[in-house]
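Q:
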Amino acid sequence: MPPESRRAISDDADYLVQRCLLKPGDERWSSSRERRGVVMGAVQSGKTASMMAVIAKGLDAGVDGVVVLAGTRTALWLQTLSRVDDQLDRMHGAAVARLRLPPPGQRELVGGELSSLYSLTDQQVLRALSKRRPLLAIVMKNVAHLEQLSRTLHETVYPAVAEQQRDFHLLVIDDEADDSSIDDPGVGPAEVRQVPRRILDLWESRQQTGSTALSNLYATYVAYTATPQANFLQDPSNPLAPRDFVMALRTPGPDGDVEVRSPTFRVAKGYRSWYTGGEVFYHHLQAAPLCVEAPDTAAEALTEGVRAFLVASAIRDMRSGAKLSPATAVNKRFSSKSDAVAAIPPVASMLVHPSSALDDHFTVAEDLVAWSRGPATEAGQVRRLGVEGIREDMQDNLERWLNWLQSYRATADQCVRELGASQAPWVPAEDSWAEVSRVILEDIVPGTTVAVINSDERADNRPEFSVQRDGEAWRAPRNLSTIFVSGNVMARGITLEGLSTTVFTRETNDPLADTQMQMQRWFGYRGPYVELCRVLAGGPQLRLFRQYHDNDEALRRQIIAAMGAERETAPPVSVLQGLAFRATGRVSEVRGRRMWPGGRPFVQQMNSPDKEGPNAEFLAEMFASGARGVPDEHAGQGLISNRTLSLEATAALLDSLIYPALEPTAVERWQRAQEQIGVQPRDPLYPLYRGPVTGGRPFVGLSPFDIAAYLRTWAVLLERRAPGFFTTDEPPLQWSLLDLDERRRRAPVFRVGLRFGSAPSVVDGPWNNLPVPVRPMRRTVRDRDVLDSTWGSRGESEDGIFGDEFFDYFGTGERPDLTSSGMRRAGEPGLVLFHLVSRPDDGTPTVAVGVSLPAGGPDQVIALGAARGGHDGSAR
1 MPPESRRAIS DDADYLVQRC LLKPGDERWS SSRERRGVVM GAVQSGKTAS MMAVIAKGLD
61 AGVDGVVVLA GTRTALWLQT LSRVDDQLDR MHGAAVARLR LPPPGQRELV GGELSSLYSL
121 TDQQVLRALS KRRPLLAIVM KNVAHLEQLS RTLHETVYPA VAEQQRDFHL LVIDDEADDS
181 SIDDPGVGPA EVRQVPRRIL DLWESRQQTG STALSNLYAT YVAYTATPQA NFLQDPSNPL
241 APRDFVMALR TPGPDGDVEV RSPTFRVAKG YRSWYTGGEV FYHHLQAAPL CVEAPDTAAE
301 ALTEGVRAFL VASAIRDMRS GAKLSPATAV NKRFSSKSDA VAAIPPVASM LVHPSSALDD
361 HFTVAEDLVA WSRGPATEAG QVRRLGVEGI REDMQDNLER WLNWLQSYRA TADQCVRELG
421 ASQAPWVPAE DSWAEVSRVI LEDIVPGTTV AVINSDERAD NRPEFSVQRD GEAWRAPRNL
481 STIFVSGNVM ARGITLEGLS TTVFTRETND PLADTQMQMQ RWFGYRGPYV ELCRVLAGGP
541 QLRLFRQYHD NDEALRRQII AAMGAERETA PPVSVLQGLA FRATGRVSEV RGRRMWPGGR
601 PFVQQMNSPD KEGPNAEFLA EMFASGARGV PDEHAGQGLI SNRTLSLEAT AALLDSLIYP
661 ALEPTAVERW QRAQEQIGVQ PRDPLYPLYR GPVTGGRPFV GLSPFDIAAY LRTWAVLLER
721 RAPGFFTTDE PPLQWSLLDL DERRRRAPVF RVGLRFGSAP SVVDGPWNNL PVPVRPMRRT
781 VRDRDVLDST WGSRGESEDG IFGDEFFDYF GTGERPDLTS SGMRRAGEPG LVLFHLVSRP
841 DDGTPTVAVG VSLPAGGPDQ VIALGAARGG HDGSAR
């Protein structure tokens, strides 16, 4: 591990321990003596290393007990137990330095009595408390396991704590905390819905909920996950909702400094030591893409993926200089572990994700063996690729095999241009195909197996990637070269070593961002061979993956920005989803709210006539300074200003209006957008929202200040590729992939109009200063000065133009260029149209305003939990 990565892990752990794990008695504890927060990681980025650092530093800081909730599956629980033994309890005497549950050396971890795994005697606990020996429990996130541990805590540990009259700080770390830890009665089976309550039972009493079981018991719950959408969107009154703190872990990458908190930090070893996540797969190497549109049929996609995998494996084998090939290593035995590690080639894996149906996994595996003419197998036997089928495919489809050599070489060259490689990684030329094909057929294929990994009893064993003891000798890992066929089980906790090729043909009618983010097992630390990595999936699915990553990055930026401020509660954050996907399925009734105000937003809220003076004076002066009549010089329908305004100037125009009303959530919403985009106080367009922040009655409907903030956001985003945004084009485009130079050239200008009507002419006041008669519109106004309608009737006018939203075209003989939905096309001018509305009871007209926006602006969808009245991820 590079020293910069070690430093980042240590610093992040220090942040959590020093700022989030308060000392018992600290005045920042609430009366419940409970704290809850979220730590956001990235898929396969090393969350476990962070957890181990937090446990170690927490124990050093005086935490009395640590409970690690180690996943919902036995395999993940056992994996975490093993990692604690290997990474945390390696020191001599660790077994007596703390109380461990399950006890070290416990043989029957699976299938035995749970009481033997989580039991302690009164004497053990009293002795440990007197000697300040902490408790460390690794428990499966399962109702029965949690119930047993809770019983031990309440019946043995807490009575001893009460007897000794000393403070006890319990740290609970929930790994994969969005899985089964979200309390939502509308989601999941009844048994899973019990898990959040069972977690709370670790420190609360059922007889007195809402605080810890003892007045001297303090509990900190830390939810670790790479996909915290559900954690933020759950009902904020849920007992495990993150109320007190949030943080995001950092990863090594192309930008940043380990001394400064940002999503990534540079490492001296370069891109080979980077975390290869969405930035690498979807952005840096998009010119020689790692993500490739798969052929139309699943069968063709599978065979193309196998070609890519075998060519990549051959290249890696030829580079490695290993003494043995996969074909020879599988049957070899070694006298020592070091001999085995030195002799075997690098692990190579391929993943096929066909569907969630378990039977489909077995069908795909059997079809693959049959296509390659591998040996027939019975249940329980190892499936192997066949050489003859591969040889025949090379003869029949040579160009497809050679295409992968060309593709890998193009990506290797891209590593120099985009990733800073000093030279392109070696990839053999096409004229070396004879040697490459020999390596494939003689060294790779005979040692390559096909394994099914799922929850079916017919499935193969959990993947094995490290050398293993075999009696007195050592052997190569079982999965030295393997094509894995899997589904949902691969979405949590299982890391495929040496994964180079993924074929993802799974389809869903209801894509969920958090679920499909976890399925992207190609993320990780693939730098040593990233140029040989490929993901084959359908075009729509690849676009979804890119959008998931962008939204994920937007959330991470918000959290990191918030970490720099001193706060006593968790900050509000915006969880994003998309037009075609939801943020999560773990919270019921999630809906979305778009940033885009629509193609024709209209402000129906007006001033009362006695408050309209400032707006009337400002607008009358603007149109008196130069305007043309519509549709002719008589201005029977109104005026168009001679000036056109930029995005920034149009925003300033709308912000110049005065209304005695406030849109309650606007300040907070636009503040989050600023954090996503990275708008700083020194930026000329800061802040995005400049409307009222206090006082006034709530705004009815859309406010002009919201529209102004949107236009200012559009202007800012023309200068930067911020994640989490897409365009309002038809179809929409991902903002982070745009050619911004071209977008700037097509940035819209706005015309400004004043709409007249058929009411009697105004005879006094500012409007009387205009050079034409000013006749307000006859419109119905409801209570609270709200206009009853918006743009009015829509129909074909004499010159073929539809409705007032195209007022600027009236009388010109021109037609606007429109999208299929009737919106002005990107690059066309926009319109701000002020509607002068008659108020017969008072005689003073008031102004409503509508805006006709061209396509091409920014948009995002903020996820809301409808069942919670529109809760959007804010901590309360």
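According to this note's numbering, the sequence shown is numbered sequentially starting from 1.
Virtual Cβ for every residue (Gly too), placed ideally from N, Cα, C.
Could you tell me which whole beta strand (DSSP E) segments of length 3 or greater appear in the region 4-80?
A: Correct list: 34-40 and 65-70.
Q: Any idea what DSSP makes of Gly538, helix, strand or coil?
A: In the sequence shown, residue 538 corresponds to position 538, counting from 1. In this structure, Gly538 counts as coil in the three-state DSSP scheme.
Q: Return the residue from the list Val847, Val781, Pro748 and Ser761 that minimises the CA-CA distance to Gly827.
A: Position 827 of the sequence shown, counted from the start, is the residue given in the question as residue 827. For the residues Val847, Val781, Pro748 and Ser761, the minimum Cα distance to Gly827 belongs to Pro748.
Q: Tell me the rounded alpha-carbon separation between Leu59 and Ala342.
A: On the sequence shown, position 59 is the one that residue 59 refers to. On the sequence shown, position 342 is the one that residue 342 refers to. Taking the straight line from one Cα to the other gives about 37 Å.
Q: With respect to the alpha helix (DSSP H) encompassing Asp360, which residues constitute its N-terminal and C-terminal limits?
A: The residue you call residue 360 lines up with position 360 of the sequence shown. Unbroken alpha helix (DSSP H) run through Asp360: Leu358 to Trp371.
Q: In terms of alpha-carbon separation, which member of Arg721, Glu730, Phe756 and Pro760 lies closest to Asp741?
A: Numbered from its first residue, the sequence shown carries residue 741 at position 741. The candidate whose alpha carbon is nearest that of Asp741 is Arg721.
Q: Please report the distance separating the alpha-carbon of Val17 from that of Val195.
A: Here residue 17 refers to the residue found at position 17 of the sequence shown. Here residue 195 refers to the residue found at position 195 of the sequence shown. Those two C-alpha atoms are separated by around 26 Å.
Q: Got a sec, what are the start and stop residues for the alpha helix (DSSP H) Tyr158 sits in?
A: For this step, residue 158 is matched to residue 158 along the sequence shown. Tyr158 to Gln164 is the span of the alpha helix (DSSP H), which, as asked, contains Tyr158.
Q: Closest to Pro263 by C-alpha separation, out of Ser273, Gly270 and Pro252, would be which residue?
A: Taking the first residue of the sequence shown as 1, we reach residue 263 at position 263. It is Pro252.
Q: Using only the alpha-carbon positions, how far apart do Asp86 and Met52 sit?
A: For the purposes of this step, residue 86 is identified with residue 86 of the sequence shown, where counting begins at 1. For the purposes of this step, residue 52 is identified with residue 52 of the sequence shown, where counting begins at 1. Near 11 Å, if we compare the C-alpha coordinates of Met52 and Asp86.
Q: Would you list, in sequence order, the uninterrupted alpha helix (DSSP H) runs of no fewer than 4 residues that lie entirely inside the region 539-575?
A: The region 539-575 contains these whole alpha helix (DSSP H) runs: 539-563.
Q: Count Cβ pairs between the region 672-684 and the region 806-825 that sit closer than 8 Å; are there 3 or more?
A: Because the criterion of three Cβ pairs below 8 Å is not met, the region 672-684 and the region 806-825 do not touch.
Q: Once the 5 residues before and after Ser139 are set aside, which same chain residues still bring their CB inside 8 Å of it?
A: As a working note, residue 139 is residue 139 in the sequence shown. It is Val, not Ser, that sits at residue 139 in the sequence shown. Cβ within range, chain order: Val67, Val68, Leu69, Ala70, Trp77, Leu101, Tyr118, His145, Leu146 and Leu149.
Q: Straight-line CA distance for Gly795 to Arg543?
A: Start at 1 with the first residue of the sequence shown, and residue 795 comes out as number 795. Start at 1 with the first residue of the sequence shown, and residue 543 comes out as number 543. Only weak support exists for where Gly795 lies, its pLDDT of 44 falling under 50; the value from the coordinates is given anyway. Going by the C-alpha atoms only, they are around 38 Å apart.
Q: Tell me where the beta strand (DSSP E) around Glu293 begins and ends.
A: To locate residue 293, count along the sequence shown from 1; it is residue 293. Cys291 to Glu293 is the extent of the beta strand (DSSP E) around Glu293.
Q: Excluding the 5 residues preceding and the 5 following Leu217 in the sequence, name in chain order all residues of the same chain whose CB lies nearer than 6 Å to its CB.
A: In the sequence shown, residue 217 corresponds to position 217, counting from 1. Hits under 6 Å: Phe168.
Q: Going along the chain, which residues of its own chain have a beta-carbon closer than 8 Å to the beta-carbon of Arg400, five neighbours each way excluded?
A: Along the sequence shown, read from residue 1 onward, the residue named residue 400 stands at position 400. Glu304 and Arg307.
Q: According to DSSP, is Val267 helix, strand or coil?
A: Sequence index remark: in the sequence shown, residue 267 carries index 267 (1-based). In the structure shown, Val267 sits in coil (DSSP, three-state: anything other than H, G, I, E or B).
Q: For Pro854, would you say it is in contact with chain C, using Cβ-to-Cβ distances shorter than 7 Å as the test?
A: Among the protein chains of the structure shown there is no chain C, as only one such chain exists.
Q: Of the residues Gly626, Leu688 and Pro760, which one's Cα is nearest the Cα of Glu648?
A: Working through the sequence shown from its first residue, we reach residue 648 at position 648. Glu648 has its Cα closest to that of Leu688, out of Gly626, Leu688 and Pro760.
Q: Given a cut-off of 7 Å on the beta-carbon distance, is the pair Asp706 and Ala666 in contact?
A: For this step, residue 706 is matched to residue 706 along the sequence shown. For this step, residue 666 is matched to residue 666 along the sequence shown. In contact: Asp706 and Ala666 (Cβ atoms closer than 7 Å).
Q: Among all the DSSP beta bridges, which residues are the ones paired with Trp474?
A: Against the sequence shown, residue 474 aligns to sequence position 474. Its beta-bridge partners are Phe334 and Arg469.
Q: Given a cut-off of 7 Å, decide if Ser437 and Met490 are closer than it, judged by their beta-carbon atoms.
A: The residue labelled residue 490 in the question sits at position 490 within the sequence shown. The residue labelled residue 437 in the question sits at position 437 within the sequence shown. Contact flag unset, no.
Q: Can you list, in chain order, the stretches of the beta strand (DSSP E) that have 3 or more residues and sit fully within the region 706-782?
A: Those beta strand (DSSP E) runs which fall completely within the region 706-782 and span 3+ residues are 750-755.
Q: Residue ranges of each alpha helix (DSSP H) run of no fewer than 4 residues wholly in the region 215-253, ordered along the chain?
A: With a minimum length of 4 residues, the continuous alpha helix (DSSP H) runs that stay inside the region 215-253 are 229-233.
Q: Could you check the C-alpha separation between Trp832 and Thr644 for me, to the nearest Å?
A: Here residue 832 refers to the residue found at position 832 when the sequence shown is read from its first residue. Here residue 644 refers to the residue found at position 644 when the sequence shown is read from its first residue. Going by the sequence as given, residue 832 is Val instead of Trp. Between Val832 and Thr644, the C-alpha separation is close to 10 Å.
Q: Out of Pro704, Arg594 and Gln860, state which residue places its alpha-carbon closest to the alpha-carbon of Gly850.
A: Position 850 of the sequence shown holds residue 850. Among Pro704, Arg594 and Gln860, the Cα nearest to that of Gly850 belongs to Pro704.
Q: Using 8 Å as the Cβ pair cut-off and three pairs as the minimum, do the region 363-378 and the region 416-423 touch?
A: Not touching, per the Cβ criterion.
Q: Find out if the Cβ-Cβ distance for the pair Met606, Ala848 is shorter than 7 Å.
A: Translated into positions along the sequence shown, residue 606 becomes position 606. Translated into positions along the sequence shown, residue 848 becomes position 848. Cβ distance < 7 Å, so Met606 and Ala848 count as in contact.
Q: Return the chain-ordered list of same chain residues with a C-beta closer than 8 Å to the C-beta of Pro732, the five sequence neighbours on each side being excluded.
A: Here residue 732 corresponds to residue number 732 of the sequence shown, with the count starting at 1. Counting only Cβ-Cβ distances below 8 Å, and skipping sequence neighbours, we find Leu579, Phe726 and Asp859.
Q: When you compare each of Arg697, Arg778, Trp767 and Gly753 to Glu805 by their alpha carbons, which one comes out closest?
A: Residue 805 sits at position 805 when you count from the first residue of the sequence shown. Comparing Cα positions, the closest option is Gly753.
Q: Does His353 come out as helix, strand or coil in the three-state DSSP assignment?
A: Position 353 of the sequence shown, counting from 1, holds the residue named residue 353. If DSSP states are grouped into helix, strand and coil, His353 belongs with the strands.
Q: Using a 10 Å radius around the Cβ and a threshold of 16 neighbouring Cβ atoms, would you call His92 buried or exposed?
A: The residue labelled residue 92 in the question sits at position 92 within the sequence shown. Bear in mind that the predicted position of His92 carries a pLDDT of just 49, short of 50, making it unreliable; the figure below should be weighed with that in mind. Counting Cβ neighbours within 10 Å, His92 comes out exposed, since fewer than 16 surround it.
Q: Distance check for Val630 and Ala867, CA to CA, integer angstroms please.
A: Reading the sequence shown from its first residue, position 867 is the one you call residue 867. Reading the sequence shown from its first residue, position 630 is the one you call residue 630. At Ala867 the pLDDT is 47, less than 50, meaning the model places this residue with poor confidence; the figure from the coordinates comes in the next sentence. C-alpha separation (whole angstroms): 48 Å.
Q: Span of the beta strand (DSSP E) holding Phe834?
A: Along the sequence shown, read from residue 1 onward, the residue named residue 834 stands at position 834. Its beta strand (DSSP E) spans residues Gly830 to Val837.
Q: For a test of the three-state rule: what should DSSP assign to Leu864, helix, strand or coil?
A: Taking the sequence shown and counting its residues from 1, one reaches residue 864 at position 864. In the structure shown, Leu864 sits in a strand (DSSP, three-state: E or B).
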